[in-house]
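**Student:**
There are 4 protein chains.
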Amino acid sequence: MNFEASEKSRELQERLGRFLEMHVLPVDAEVEAFHRDPANLWKKWPGLEALKAAAREAGLWNLFLPLDYGEFSPGLTNLEYAPLAELMGRTRWASEVFNCSPPDTGNMEVLARYGSPGQQEAWLAPLLEGKIRSAFLMTEPGVASSDATNMETSITADGGDYLVTGRKWWSSGAMDPDCKIAIVMGKTDFGAPRHQQHSMVLVPMDAPGLTIIRPLSVFGYLDSPEGHAEIVLESVRVPKANLILGEGRGFEIAQGRLGPGRIHHCMRLIGMAQRALELMSERAISRSPFGRTLDTYSSIRQEVARSACEIEQARLLVLSAADKIDRVGSKGARDLIAMIKIVVPSMACTVIDRAIQIMGGLGVSADTPLAHYYAAARSLRLADGPDEVHMSQLGKATIRKYTAAHD
Amino acid sequence: MNFEASEKSRELQERLGRFLEMHVLPVDAEVEAFHRDPANLWKKWPGLEALKAAAREAGLWNLFLPLDYGEFSPGLTNLEYAPLAELMGRTRWASEVFNCSPPDTGNMEVLARYGSPGQQEAWLAPLLEGKIRSAFLMTEPGVASSDATNMETSITADGGDYLVTGRKWWSSGAMDPDCKIAIVMGKTDFGAPRHQQHSMVLVPMDAPGLTIIRPLSVFGYLDSPEGHAEIVLESVRVPKANLILGEGRGFEIAQGRLGPGRIHHCMRLIGMAQRALELMSERAISRSPFGRTLDTYSSIRQEVARSACEIEQARLLVLSAADKIDRVGSKGARDLIAMIKIVVPSMACTVIDRAIQIMGGLGVSADTPLAHYYAAARSLRLADGPDEVHMSQLGKATIRKYTAAHD
Amino acid sequence: MNFEASEKSRELQERLGRFLEMHVLPVDAEVEAFHRDPANLWKKWPGLEALKAAAREAGLWNLFLPLDYGEFSPGLTNLEYAPLAELMGRTRWASEVFNCSPPDTGNMEVLARYGSPGQQEAWLAPLLEGKIRSAFLMTEPGVASSDATNMETSITADGGDYLVTGRKWWSSGAMDPDCKIAIVMGKTDFGAPRHQQHSMVLVPMDAPGLTIIRPLSVFGYLDSPEGHAEIVLESVRVPKANLILGEGRGFEIAQGRLGPGRIHHCMRLIGMAQRALELMSERAISRSPFGRTLDTYSSIRQEVARSACEIEQARLLVLSAADKIDRVGSKGARDLIAMIKIVVPSMACTVIDRAIQIMGGLGVSADTPLAHYYAAARSLRLADGPDEVHMSQLGKATIRKYTAAHD
Amino acid sequence: MNFEASEKSRELQERLGRFLEMHVLPVDAEVEAFHRDPANLWKKWPGLEALKAAAREAGLWNLFLPLDYGEFSPGLTNLEYAPLAELMGRTRWASEVFNCSPPDTGNMEVLARYGSPGQQEAWLAPLLEGKIRSAFLMTEPGVASSDATNMETSITADGGDYLVTGRKWWSSGAMDPDCKIAIVMGKTDFGAPRHQQHSMVLVPMDAPGLTIIRPLSVFGYLDSPEGHAEIVLESVRVPKANLILGEGRGFEIAQGRLGPGRIHHCMRLIGMAQRALELMSERAISRSPFGRTLDTYSSIRQEVARSACEIEQARLLVLSAADKIDRVGSKGARDLIAMIKIVVPSMACTVIDRAIQIMGGLGVSADTPLAHYYAAARSLRLADGPDEVHMSQLGKATIRKYTAAHD
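Chains as they are written, first to last, in the working numbering: chain A, 5 to 411; chain B, 5 to 411; chain C, 5 to 411; chain D, 5 to 411.
#1: At the level of alpha carbons, what is the spacing between B/T300 and B/Q278?
#2: Given D/L321, which residues of its chain have a CB within under 8 Å of its CB, disregarding the five upstream and five downstream residues?
#3: Could you work out which residue in A/L226, A/P106, A/D227, A/G364 is closest to A/S290 when comparing CA atoms only?
#4: Using a Cβ-Cβ cut-off of 7 Å (strictly less than) and excluding sequence neighbours within five positions of B/P243, which residues of its own chain qualify?
#5: Would you kindly check if the distance between the Cβ of B/K191 and the Cβ of B/T215 is under 8 Å?
#6: Note the first and the last residue of the continuous alpha helix (DSSP H) segment covering B/S412.
#7: Identify the contact partners of A/S3 in chain C, using a Cβ-Cβ distance below 7 Å as the criterion.
#8: Nearest CA to the CA of D/I187: which residue from D/W49, D/S175, D/L398?
#9: So which of B/C104, B/D227, B/L55, B/P212 has the shortest CA-CA distance to B/H27?
#10: In chain order, what residues of the stretch 266-297 of chain B put their CB closer than 9 Å to some CB of chain E?
#11: Using DSSP bridges, identify the partner residues of D/R218.
#12: At least one CB of chain C closer than 8 Å to the CB of D/D165: is that the case?
#13: Nearest-angstrom Cα distance between C/L128 and C/W97?
#14: So if DSSP puts D/P208 in a beta bridge, which residue, or which two residues, is it bridged to?
#15: Whole angstroms are fine: how far does the CA of D/R305 sit from the CA of C/L64?
#16: Just curious, the beta strand (DSSP E) that A/I159 is in, first and last residue?
#17: Taking only beta carbons into account, state which residues of the stretch 220-232 of chain C come closer than 7 Å to chain D, listed in chain order.
#18: Tell me, please, which residues DSSP counts as bridged to B/Y118.
#19: Could you run through the stretch 356-374 of chain B and flag, in chain order, every residue whose CB is less than 9 Å away from some CB of chain A?
#20: Is the CB of C/E90 under 8 Å away from at least one CB in chain B?
#21: Measuring only the C-alpha atoms, how far is C/A258 from D/S302?
#22: Are the beta-carbon atoms of B/A309 and B/A325 separated by less than 8 Å?
#23: Using a C-beta cutoff of 8 Å, does B/E392 count as contacting chain C?
#24: Below 7 Å on C-beta distance, what does B/S383 contact in chain A?
#25: Measuring only between beta-carbons, confirm whether B/C313 sits less than 8 Å from chain C.
#26: Any idea what DSSP makes of C/F38, helix, strand or coil?
#27: Within 8 Å of any Cβ in chain B, is that where the Cβ of A/P42 sits?
#28: Could you tell me whether the Cβ of C/F7 comes closer than 8 Å to any Cβ of chain B?
#29: Cα separation between A/I185 and A/A245?
#30: How far does the beta strand (DSSP E) with A/G170 in it extend, from its first residue to its last?
#31: At what residue ranges does the stretch 268-309 of chain D contain a whole run of the beta strand (DSSP E), taking only runs of 3 or more?
#32: To the nearest angstrom, how far is the alpha carbon of C/F102 from that of C/L83?
#33: Along chain C, in chain order, which residues have C-beta atoms closer than 7 Å to that of D/S175?
#34: What first and last residue would you give for the alpha helix (DSSP H) that runs through A/A337?
#35: For B/H394, which three-state DSSP category applies?
#36: Is it buried or exposed, A/F194, if we count other Cβ atoms within 10 angstroms and call 16 or more buried?
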């Protein structure tokens, strides 16, 4: 056991940190203002491609893909990548600069691990190049999606094709003008055993029958340019070659997709919380109601101290989960992966909310990133299954673990 | 002591409830969708005037103005009006239908109590008629406004006029196309004793030199049509007759304006929390993840039970504050008025947040009122002074009260 | 609706307050030290009887028995008695001085309402006189007592007698040397419908076969002289005349016993919390770590302010429950009675815990009443059914209430 | 960075675990009952010495003393010892079996690092042998001890001796019949600069003028046989050779004593919390109110899940602090050492409290270790400075860290 970052990891953090400080932070306000302007809805910020080229040039590209993806991987472990995700998370849009944005990251993992050569050539290659973006269509309106057996989208064989029919929502990234391909989860066999009903197919976003109904808002934010789409699929026809891995293997793919993505999400949230802590620290020394700066108030110091403690604990937990995934895989790290889902979004909400309060009215406005961060963190208490589902699973597993001797 | 609503109060609640159910709730979704559409920014919903006429016709007009405003008052006490404010608060926009919206309510109180006959004729009359709307310009960017001595806006005598210069923000309602008049707080004497520096003047919104810089957003919401404006005043010239009450009496007016407005805000928040409780109850019986409806889960029942307890306690606290204002005035009810500011917005955030969680992804979207409610409740932990300022004042007063014997 | 105490209520509070200040508080430390001494376990403090005589003389006797008990009642409503219970609760042992201690209060209510003339003469009369004390044997070890259908104690007819067999615990007051009679709940018919299995019988504490096994401790406190006993009943024979009301009516009696007793418990807890608030206020002005008194620290003011808010809200809730019991009876006030059980013990724990923290090491010792108060408040989150049972019931009822239209 | 325990550490944990399971847990109930009996106050449990001999025999002796204590150390790092402290903490009295109990551990560290050869021979040797026990007299009644400058105990030179005069309390372990020596902190120079006023001297417990006034209770527990004493020192005479390190160096010694002791305390608390989690898990499968076992209730699963998350996070934080002490010393690990003091006792209170609630009435009694654990954990939010002092220090340091660029 050893809590010190390796030489390699420290070096990468410094390099990425410098890139962010030189190229990303200076334009952060400009980018955010661009995306806030209703006139720019679903448009990309013009400077993005140049930044992506610079990141790639600097060797800061696709770093999320861990070692076990062989040729596709730039060679980091999940544990080594995690602190980099934290740094990218400090800015809402930085991940894309390094081709490390969800849901592309998870989709690239799926294609790299389970994709056929044809699928990899058609879709993985341009994704790894950062030339296109992608969506992941899983959650459905009207049913409790936390229980995947409720899913109603059908994938029906029709000659050499599949017909995909259903309604999806919270399809993040689907509004992006660069989004060209979706991985769609549905059922190929409604009568099969619980975990063999689902399959995943690749559906081009321009396939006839696929209609984007509307973008959904999160606390008033549309999150342009990626957005969160509600999408209707009406007998969308795709060739059978678009099936990933095999019929009935959707669950298996979904499980494998889960662990590292959870690490990324959580580390980005820690990056947001950390930035919130820094912003409240700055505020504390620059504001003086009633004659002395806020940092001399015991209540403010307590909020800062609690935040520092909560962030550090959450960070250690996520890093330990990343380490466990590296060592034994997502399945063996299941309890830790549930823990970080329970702990981190909630912690981020708490810390960001404290920072908002210390900012005063400024905190809920668009003049700091905090209100938007809050909305993002809050929605992650629901995305990917509400906290309660993960607590139920972890609680059950924990009770079983400590009472096994009784069985 | 007696916790049962009077006959009169019950009758009014029923009458208002019926009006809301017949005229307001059926168009709620339409109105909200109208205001969400960027094309309608800062426009009024076309059906509003007809509803206002109907409300006035039904005798549900200006009910907020308590007994002690004499001829202007329709005759309710604060305690009698409070449950009506709760009912109006269930819908974000209903208060205006009954001419009971902030900041007009507080501004009408100020003009009714302290306005000169000329001021009353020019501004109070059309406000009471619901023909115009108004703004209250107090908070300033860049200074800790919770401590009013920090205020930087100047009101300088210049012949028969005043020149008003300063920068204000969070001027709620100022974006409304019907907003014609602002009450502006500033300093007429920067060197006077602490509580005699401030004055209030009436400034028409179309006065030369008054510029609306931009609308501020609250968690991504612009809150059209009222909005929250940042406003610059550059040597805005108004006649001395526009001064309210007298030079140096701004603090005194602000104090008097405070109590009832706090009651209204808090009761509307309780209305929101109550509606959130009802929405989570409905969700609980209509959703069945993992084979049984949510209402059978012990954790869901606990969330509902806690919410019911917290709402009822907050309601009783606000009602007791209203009763105390009726009996001894705002000054004597000071501790209770601080208490409701500390308790209610925070309680509303908690309850609404629980409802959001139970809704799943739906909860953060615009398909229920919850996310917008949350933003409103959260901003009220800052508006009118952050919670912490009120806790500091109440804590100090409480310690003094229980240790007076030692002095 | 009206939040001001009546003349009569105010006068009584003053009178009781004076009595406490003159006769009870001056000997509080002496009494507590007496009961802490292991040598005095299960002995009464010698000065108690004189104080009881004085209280009776002063007309402060049996005040808990509300109006509807006719001749037995000194004539107060539950709402009028509630603030008196708060005052008595400020000292751990004061209730007995006024013959208002549990479980005697509930037992007297049962006997006054349901007792036969013979039962009233034999047991109610000396209880009303304060000559004996009593116990209530309900909870059983080894089963989930919150669900009364789990009860295992049997009451079996045997000629003209009943034989009572079972094991009870948490029988508060049973260790008291003056405790002469117990009301025992058990089952006369294990096969009857759920709510007709239980009966209550009067069992003298010296009945052969009744054995006190041991006193139970609460966080290290034995709570002498009353104590909490574990008791075994082995074929304890009592005449059939000792049955209260009738076979199978135990549930009905238990329900009726509940409401006012809950009010008393909760108001006493509010008295404890209020005293904790006053103690923390005193501490705040008398302690100066790091050069200034604690009351100038913003965090201390926040703790005091939050405590004041929480106490006041809880108080209003309990008072409103008392008022509702007075108006419509315990059954109609069921939701409010559940609410106060959920809210008040938990609130008291929170406030007392804050006071302990502000006291430093002193707070957990026996040099202030706080640690003992905490133990008492904490155990009331379990006594009478854990919070969770009441939240489940209230949650279910609330959901039903707001979704009735859907049925 | 690497979150897996080393081979060596795992082997030690298994060995200690087996010892506990074979020798300690089987007699746990007997030992606790022995110490609860008022007849055994301040007596040692007769079987203890045999267990100590067995532990020493098994090589499980003095393991707390880290590597840098050279010859005195059995050779573990703080990081390696930490999980062993967690295991010992599962039982209230186990640490003494392995000669790893406070305050002896801290006192041995002081003597090993700063003691003169004579002091080491006289006191360190028998302490390392487990032949005597010791006390640490620091905290004083009547002053805010969290600010050491308030200390009033004087250490006055008088010829070749010092005279020690003062009043101390919360001297844990001082009631133990084996306690033979105390390290007393006092001031040799009240006029010196803030951090050079204090010194530490060795005072035999049987020195004339040292009087144990009384044992203090913690939530009703006297914690026999160690206890927490209030002690008066009246011109207690000790030779100057009893001074540790030098006059004015008390602060320096206190600082050095702090880090590892904090690790031990916190890991023992984690052991308590972990045992509470296991107890609540067992309860959850063995109790069935309302027809199904508790482990199927979503609320119970949430409590278990939250507890598991909080324990794991706290454990990682303490381990990372231990690792940092090993790498850079206590001074460089200062922020982490503050963090664990803020986080762990509070976390332990929360988890233990949940377990109490799930146990029902049993939970507050002496039939499980939980109520006593709670008292221990709660008092550690005050011992060694209340949480608030550490939050203030950490908050200040954190703000400075993130705003350094502005200076």
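Think of the CB as a built atom: it goes at the ideal place given N, C-alpha and C, for glycine as much as any other residue.
**Tutor:** The structure says:
#1: 21 Å
#2: L340, M343, I344, V347, V348
#3: A/G364
#4: G164, D165
#5: no
#6: Given that chain B is displayed from residue 5 to residue 411, the structure contains no residue 412 of chain B and the question cannot be resolved.
#7: Since the first and last residues shown for chain A are 5 and 411, residue 3 of chain A lies out of range.
#8: D/S175
#9: B/L55
#10: Of the chains in the structure shown, none is chain E; the protein chains are A, B, C and D.
#11: D/E234
#12: No, because no Cβ of chain C sits closer than 8 Å to the Cβ of D/D165.
#13: 22 Å
#14: D/I185
#15: Distance from the CA atom of C/L64 to the CA atom of D/R305, rounded to whole angstroms, is 49 Å.
#16: 158-162
#17: L220, S221, V222, F223, G224, Y225
#18: Beta-bridge pairing links B/Y118 to no other residue.
#19: D357, I360, Q361, I362, M363, G364, G365, L366, G367, V368, S369, A370, D371
#20: Cβ-Cβ to chain B under 8 Å: no for C/E90.
#21: Inter-residue distance for C/A258 and D/S302 is about 29 Å (C-alpha atoms, whole angstroms).
#22: no
#23: yes
#24: Those within 7 Å of B/S383 in chain A are V368.
#25: yes
#26: helix
#27: yes
#28: yes
#29: 14 Å
#30: 165-176
#31: none
#32: 18 Å
#33: None at all; the shortest Cβ gap to chain C is about 11 Å.
#34: No alpha helix (DSSP H) holds A/A337; DSSP gives it neither H nor E.
#35: Of the three classes helix, strand and coil, the one that applies to B/H394 here is helix, per DSSP.
#36: exposed
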